[in-house]
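Participant: The structure that follows is given in the form of structure tokens.
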Amino acid sequence: MSQTKIITFLGAIARSTTYSYQDKNYVGEVFAQALREFCQYDTMLVCVTALAKEKTFPILEALNDSRIQPIDIPTGRTTEEMWETFKIITQQVDEGDRVIFDITHGLRSLPFIVFLFAAYLKAAKSVSIEAIYYGALELSDSKNGIPAPVIDLSEFVSMIDWITATDQFIQTGDARQLSGLLNSDGNAGNATKKAAKTLFDISTATVLCQPLHLAKIVANLEPDLLKAQEQIERTVPPFETLRQRITDTFGDFIGDFKQETKAALKAQLRLIKWYFDNNRLMEGMTLAREWLINGVIYRLGLAFDLKVKNREEIAKAISGVEMVSSDRLTVEELNDYGKIIHDTWSEKDSLSQLWNVLQPVRNALDHAGHQEGAMSVEKILKKVHQISLLLDNLATTWELI
């Protein structure tokens with residue numbers, strides 16, 4: 134059963150201090166004394182070195198609170214000792230626990246380490262970080278009756294979530310986490326909700342390999358994120374940098390075949406490369422075949438066409454030229470487009486070679502290995518690398534790079 138756990142650290146020196154939290158004052162010789170007065174918790178794990186256990190832990194022990202438990206940790210003089218502390222503390226936290234950190238006392242490296250604790254526990258154990266408190270002793274003035282303010286630093290942990298979610302979106306196209314952060318409680322402003330939906334729609338389009346739909350949605354990405362930024366920049370100040378990174382990546386995939394075919398072909402090629410670079414080989418290979426047909430349509434001077442019958446004619450032309458090159462078909466058996474390619478295109482051999490490598494890999498991926506003598510994973514990876522190079526070669530010939 135999950136619990137609310139306070140993880141606090143003790144130094145070797147105690148000093149009676151008045152702390153101010155939410156307009157109320159609390160007194161403690163160590164901050165944990167004050168903390169227990171305004172926090173609801175099930176367990177307080179008090180991390181103590183041998184010296185702190187001797188000098189300051191007795192202050193908490195005297196409270197006779199069974200929820201307070203000492204946790205022995207090394208002094209932290211070396212990185213090895215710090216890793217040992219990391220291991221000791223993370224073992225005390227269970228799946229789904231709610232954690233409150235206190236970084237008031239202890240070594241100066243403690244805040245850095247605690248933020249790593251928080252990131253790890255959120256990812257590895259689905260822990261929620263309720264607060265990261267710091268009793269700012271240096272801001273107090275006992276002579277003038279100014280208490281030490283208690284600062285909650287937990288909102289800075291959320292930056293780890295934003296960075297992770299942005300990175301996940303850019304590398305995989307999965308925007309569910311990022312979209313959720315934009316509207317985490319369902320009460321976001323209209324502009325932020327719209328941006329969250331745009332991100333989700335882009336995610337769906339990339340996962341389902343729908344580049345034509347993706348190109349339309351991505352056109353809305355930058356303006357939608359800019360409007361959302363106006364609403365959330367106070368709570369997520371670095372959002373502008375994250376927004377720029379997102380729009381720089383996905384803005385490359387905008388292209389309209391009906392308006393400017395050449396620019397759209399370039400955009401689709403960048404999307405294929407993005408799929409390959411991020412190990413999204415299924416989508417990359419699926420789109421590579423369609424891109425090749427689009428490219429041949431463009432090279433033939435035809436209008437962009439989505440009619441299945443017409444696209445299959447182009448596919449037969451490409452396949453036919455490849456079969457002629459391997460003596461499995463005669464030139465006379467080619468369809469009209471195939472004869473044009475064979476008789477007039479200097480790049481026909483490059484086109485044939487690409488089709489010859491691409492089709493078997495695409496089929497192998499589509500059938501998910503459910504074929505006798507299926508292509509091995511190692512061979513698929515090798516072939517994908519070859520296909521990427523052949524795509525570059527043909528795209529260069531067609532002046533699409």
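Here the sequence shown stands for residues 134 to 534, numbered as in the working numbering. Using N, Cα and C, we set each Cβ at its ideal position, and we do this for glycine too. Just so it is clear, the structure is predicted and the values come from calculations on it, not from any experiment.
#1: Where does N412 fall in DSSP's three states?
#2: Just to confirm, are F383 and L359 a CB contact at a threshold of 9 Å?
#3: Skipping 5 residues on each side, what residues in its chain have a beta carbon closer than 6 Å to that of A298?
#4: Could you tell me the alpha carbon to alpha carbon distance between V179 and Q173, rounded to whole angstroms?
#5: Using a threshold of 9 Å, state whether the C-beta atoms of L523 and Q486 are closer than that.
#6: With burial defined as no fewer than 16 other Cβ atoms inside 10 Å of the residue's Cβ, what is the status of Q155: buried or exposed?
#7: From what residue to what residue does the alpha helix (DSSP H) around K138 run?
#8: Helix, strand or coil for R231? Go by DSSP, reduced to three states.
#9: Count the CB pairs spanning the region 267-286 and the region 141-155 that are closer than 8 Å, and state whether there are at least three.
#10: Going by DSSP, what residue range makes up the alpha helix (DSSP H) through S452?
#11: Measure the CB-CB distance between L398 and W531 and report whether it falls below 9 Å.
#12: In three-state DSSP terms, what is G306?
#13: Buried or exposed: where does S336 fall if 16 or more other Cβ atoms within 10 Å of its Cβ makes it buried?
#14: Which stretch, first to last residue, makes up the beta strand (DSSP E) that contains L178?
#15: On the premise that E446 lies in contact with Y468, defined as a C-beta separation below 8 Å, what is that separation, rounded to the nearest angstrom?
#16: Restricting to Cα atoms, I'd like to know which of K138, A145, I350 is closest to R200.
#17: Please go through the same chain and pick out, in chain order, the residues whose beta-carbon is closer than 6 Å to the beta-carbon of I262, but skip the five residues on each side of it.
#18: Return the first residue and the last residue of the beta strand (DSSP E) that W268 is part of.
#19: Are the region 449-457 and the region 485-502 touching, with three or more C-beta to C-beta distances below 8 Å?
#20: Using the rule of at least 16 other Cβ atoms within 10 Å of the residue's Cβ for burial, across every protein chain shown, is E194 buried or exposed?
#21: Put G502 into one of helix, strand or coil per three-state DSSP.
#22: What residue range is occupied by the uninterrupted alpha helix (DSSP H) comprising G384?
#23: For K157, which of helix, strand or coil comes out of DSSP?
#24: Report the partner residues of Q202 according to the DSSP bridge assignment.
#25: When we look at the beta-carbon of A146 and count the other beta-carbons within 10 Å, is it buried (16 or more) or exposed?
#26: Where does V429 sit, in a helix, a strand or coil, going by DSSP?
Facilitator: This is what the structure holds:
#1: Along the sequence shown, one-based indexing puts residue 412 at 279. Of the three classes helix, strand and coil, the one that applies to N412 here is coil, per DSSP.
#2: Working through the sequence shown from its first residue, we reach residue 383 at position 250. Working through the sequence shown from its first residue, we reach residue 359 at position 226. Contact flag unset, no.
#3: Position 165 of the sequence shown, counted from the start, is the residue given in the question as residue 298. Within its own chain, the residues whose Cβ lies closer than 6 Å to the Cβ of A298, once the five positions on either side in sequence are excluded, are Q310, L311, L314, listed in chain order.
#4: The count along the sequence shown starts at 1 and reaches residue 179 at position 46. The count along the sequence shown starts at 1 and reaches residue 173 at position 40. Their Cα atoms are separated by approximately 16 Å.
#5: Within the sequence shown, numbered from 1, the residue matching residue 523 stands at position 390. Within the sequence shown, numbered from 1, the residue matching residue 486 stands at position 353. It is a contact, given that the beta carbons lie within the stated cut-off.
#6: For the purposes of this step, residue 155 is taken as the residue at position 22 of the sequence shown. A residue is called buried once 16 or more other Cβ atoms fall within 10 Å of its Cβ, and Q155, having fewer, is exposed.
#7: Residue numbering aside, residue 138 sits at position 5 when the sequence shown is read from its first letter. From DSSP, K138 is part of no alpha helix (DSSP H) but of the beta strand (DSSP E) over 137-142.
#8: Within the sequence shown, the letter at position 98 stands for residue 231. Here R231 sits in strand by DSSP.
#9: Contact holds: three or more Cβ-Cβ distances are below 8 Å.
#10: The residue given as residue 452 occupies position 319 in the sequence shown. It spans 441-458 - the alpha helix (DSSP H) in which S452 sits, taken as one unbroken run.
#11: Along the sequence shown, read from residue 1 onward, the residue named residue 398 stands at position 265. Along the sequence shown, read from residue 1 onward, the residue named residue 531 stands at position 398. In this structure, W531 lies closer than 9 Å to L398 by Cβ.
#12: Here residue 306 corresponds to residue number 173 of the sequence shown, with the count starting at 1. Collapsing the DSSP output to three states places G306 in coil.
#13: Here residue 336 refers to the residue found at position 203 when the sequence shown is read from its first residue. Looking at its Cβ environment, which holds 16 or more other Cβ atoms inside 10 Å, S336 is buried.
#14: Here residue 178 corresponds to residue number 45 of the sequence shown, with the count starting at 1. It spans 176-181 - the beta strand (DSSP E) in which L178 sits, taken as one unbroken run.
#15: The residue you call residue 468 lines up with position 335 of the sequence shown. The residue you call residue 446 lines up with position 313 of the sequence shown. Inspection of the sequence shows that residue 468 is occupied by Asn rather than by Tyr. N468 to E446, Cβ: 6 Å. Contact.
#16: Here residue 200 is taken as the residue at index 67 of the sequence shown, counted from 1. Closest by alpha carbon: K138.
#17: Taking the sequence shown and counting its residues from 1, one reaches residue 262 at position 129. The answer, listed in chain order, is V232, A251, S287, V290.
#18: Against the sequence shown, residue 268 aligns to sequence position 135. In the sequence on display, residue 268 carries Gly and not Trp. Element bounds for G268: 261-268.
#19: yes
#20: Against the sequence shown, residue 194 aligns to sequence position 61. E194 is exposed by the Cβ-count criterion.
#21: Looking up residue 502 in the sequence shown gives position 369. Correct three-state label for G502: coil.
#22: By 1-based counting over the sequence shown, the position of residue 384 is 251. That residue, G384, is in no alpha helix (DSSP H); it is neither H nor E in DSSP.
#23: Position 24 of the sequence shown, counted from the start, is the residue given in the question as residue 157. Looking at K157 - three-state DSSP - the assignment turns out to be strand.
#24: One-based indexing of the sequence shown puts residue 202 at position 69. Q202 pairs with L178.
#25: Along the sequence shown, one-based indexing puts residue 146 at 13. It is worth fixing the name first, because residue 146 is Ile in this sequence and not Ala. I146 should be labelled exposed.
#26: If you number the sequence shown from 1, residue 429 lands on position 296. Of the three classes helix, strand and coil, the one that applies to V429 here is helix, per DSSP.
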